[in-house]
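> Structure below; questions to follow.
Residue numbers (the numbering used here): 100 to 470.
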């Protein structure tokens with residue numbers, strides 16, 4: 100049995116930032132994940148060209164202080180994106196991804212969703228509290244953090260050399276601070292007199308005084324002293340990497356979200372250090388893994404690149420690789436905060452900026468409980 104003072108379950112950027120913060124405070128920290136492809140849903144894929152790219156399109160939303168925090172912890176610049184993110188309706192109508200009207204609409208949608216979920220649990224006696232926890236967490240984050248940016252600049256920023264470089268630099272910073280990385284598929288957590296015991300799917304055992312995990316995890320409480328993993332549910336994610344000569348680009352959009360498109364979810368520009376100056380690469384992310392052949396996918400990708408205002412009509416492009424990976428679907432969410440003595444869940448709702456904003460508040464509570 101190996102003993103670490105603190106174990107971080109999961110290696111998303113949120114958990115890596117937390118691991119780095121704990122290590123810098125003098126704690127012995129171990130990050131465990133079920134594979135050695137660190138990053139969670141931000142993990143990287145490696146193309147046949149030798150390049151590393153993200154497995155999905157990312158955008159870090161405008162939350163007060165988050166860009167400065169990420170610059171500091173990862174040691175990479177976060178300049179204003181040269182082309183601000185947009186949303187594209189299936190009709191071709193384009194609007195900015197972030198604006199104040201959408202922020203108000205988002206708040207109203209969260210409020211209505213929370214009210215309905217609360218009604219379902221309290222009045223209709225719904226057994227599944229996942230929706231209530233989800234809306235409660237997002238509404239609290241919206242009120243505490245996102246509203247603070249309503250009158251601030253709405254300019255979105257991103258890592259200068261792309262998200263793959265950002266994740267690699269953040270992982271390097273953790274290692275440099277002494278964080279240990281271990282492959283372990285945690286199937287149970289058991290509270291002992293001196294901390295927690297973690298058991299892996301392969302029978303491996305670790306113990307820690309404190310354990311931190313995200314609210315999006317398969318681990319569920321089965322008693323006051325034990326958490327057990329639900330059987331994992333896997334889904335496939337697929338994306339294609341398209342390369343376009345700059346002479347054939349109308350606007351080199353950094354992030355495009357497709358609204359009500361049944362096939363393509365998002366397109367984002369793949370920024371890399373030392374990239375070819377004559378062309379840009381774009382990650383085209385699909386809702387589901389397509390069954391069509393590459394030749395049949397080309398017209399679909401071309402139509403979305405054109406609709407997004409990236410590719411000139413009729414211009415050529417070519418595919419340089421595909422990203423296909425299996426990821427875990429989390430059916431339920433744990434509440435954030437202190438779950439038991441020495442066990443914490445950190446806010447996670449598929450939104451890194453919101454998670455980090457909540458973490459900045461929660462870490463003061465963690466430090467206060469230790470004092």
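Using N, Cα and C, we set each Cβ at its ideal position, and we do this for glycine too.
From the DSSP output, in three-state form, read off residue 379 for me.
It is a strand residue.
> If we count the other Cβ atoms within 10 Å of its Cβ and call it buried at 16 or more, is residue 458 buried or exposed?
Result: buried.
> Rounded to whole angstroms, what's the CA-CA distance from residue 446 to residue 435? Just pull it up for me.
C-alpha separation (whole angstroms): 5 Å.
> Please name the residue, chosen from 450, 433, 292 and 369, that lies closest to residue 441 on a Cα-to-Cα basis.
That would be 292, whose Cα lies nearest to the Cα of residue 441.
> Give the DSSP-derived three-state secondary structure of residue 358 in the structure shown.
In the structure shown, residue 358 sits in a strand (DSSP, three-state: E or B).
> Just curious, the beta strand (DSSP E) that residue 352 is in, first and last residue?
Unbroken run through residue 352: none, as it is neither H nor E.
> For residue 393, count neighbouring Cβ atoms within 10 angstroms of its own Cβ and tell me buried if that reaches 16, exposed if not.
Residue 393 should be labelled exposed.
> Mind checking which residues open and close the alpha helix (DSSP H) that includes residue 270?
Here the alpha helix (DSSP H) through residue 270 covers 261 to 275.
> Could you tell me the boundaries of the beta strand (DSSP E) in which residue 436 lies?
Per DSSP, residue 436 belongs to the beta strand (DSSP E) from 436 to 439.
> Quick one, which of 216, 132 and 335 has its alpha-carbon nearest residue 236's?
Residue 236 has its Cα closest to that of 216, out of 216, 132 and 335.
> By the DSSP assignment, the alpha helix (DSSP H) with residue 166 in it spans what residues?
From DSSP, the alpha helix (DSSP H) with residue 166 extends over 165 to 173.
> Mark residue 345 as exposed unless 16 or more other C-beta atoms lie within 10 angstroms of its C-beta, in which case mark it buried.
Exposed: under 16 other Cβ atoms inside 10 Å.
> Decide if residue 234 is buried, meaning its Cβ has at least 16 other Cβ atoms within 10 Å, or exposed.
Residue 234 is buried by the Cβ-count criterion.
> Could you spell out the range, first to last residue, of the alpha helix (DSSP H) harbouring residue 285?
Looking at the DSSP string, residue 285 is not in any alpha helix (DSSP H); the run it does join, the beta strand (DSSP E), is 285 to 291.
> Nearest CA to the CA of residue 456: which residue from 243, 222 and 203?
Looking at the Cα atoms, 243 is the closest of the given residues.
> Between residue 138 and residue 313, which are expected to be in contact by the criterion C-beta below 8 Å, what is the C-beta distance as a whole number of angstroms?
Not a contact, Cβ separation roughly 13 Å.
> Less than 6 Å between C-beta atoms, sequence neighbours within five positions excluded: which residues of the same chain meet that for residue 118?
Closer than 6 Å at Cβ, skipping near neighbours: 107, 128, 130, 273 and 278.
> CA-CA distance, residue 463 and residue 120?
Between residue 463 and residue 120, the C-alpha separation is close to 12 Å.
> When the distance is taken between beta carbons, is residue 299 closer than 8 Å to residue 286?
In contact: residue 286 and residue 299 (Cβ atoms closer than 8 Å).
> Which term fits residue 323, buried or exposed, when burial requires 16 or more other beta carbons within 10 angstroms of its beta carbon?
That one is exposed.
> On the DSSP bridge assignment, give the partners of residue 458 in chain order.
According to DSSP, which records beta bridges pairwise, residue 458 is partnered with nothing at all.
> In terms of residues, what are the limits of the alpha helix (DSSP H) holding residue 132?
It is not in any alpha helix (DSSP H) - residue 132 instead sits in the beta strand (DSSP E) that spans 128 to 132.
> Locate the beta strand (DSSP E) running through residue 195, then write down its first and last residues.
Where residue 195 is concerned, the enclosing beta strand (DSSP E) stretches over 193 to 195.
> For residue 160, which three-state DSSP category applies?
Residue 160: coil per DSSP, three-state reduction.
> What does the Cβ neighbour count give for residue 358, buried or exposed, with the cut at 16 atoms within 10 Å?
So residue 358 counts as exposed.
> Relative to the C-alpha of residue 356, which candidate in 301, 196 and 181 has its C-alpha closest?
With distances taken between Cα atoms, residue 356 lies closest to 196.
> Start and end of the beta strand (DSSP E) containing residue 333?
332 to 344 is the extent of the beta strand (DSSP E) around residue 333.
> Can you tell me the Cβ-Cβ gap for residue 369 and residue 256, rounded? I've got them flagged as a contact below 8 Å.
Going by Cβ atoms, the distance from residue 369 to residue 256 rounds to 17 Å, so no, they are not a contact pair.
> Would you mind stating whether residue 153 and residue 451 have Cβ atoms separated by less than 8 Å?
It is not a contact, given that the beta carbons lie outside the stated cut-off.
> Please name the residue or residues paired with residue 279 in a DSSP beta bridge.
DSSP, once it has assigned bridges, lists 129 as partnering residue 279.
> Quick check: what's the CA-CA separation for residue 168 versus residue 260?
Roughly 17 Å separates the two Cα atoms.
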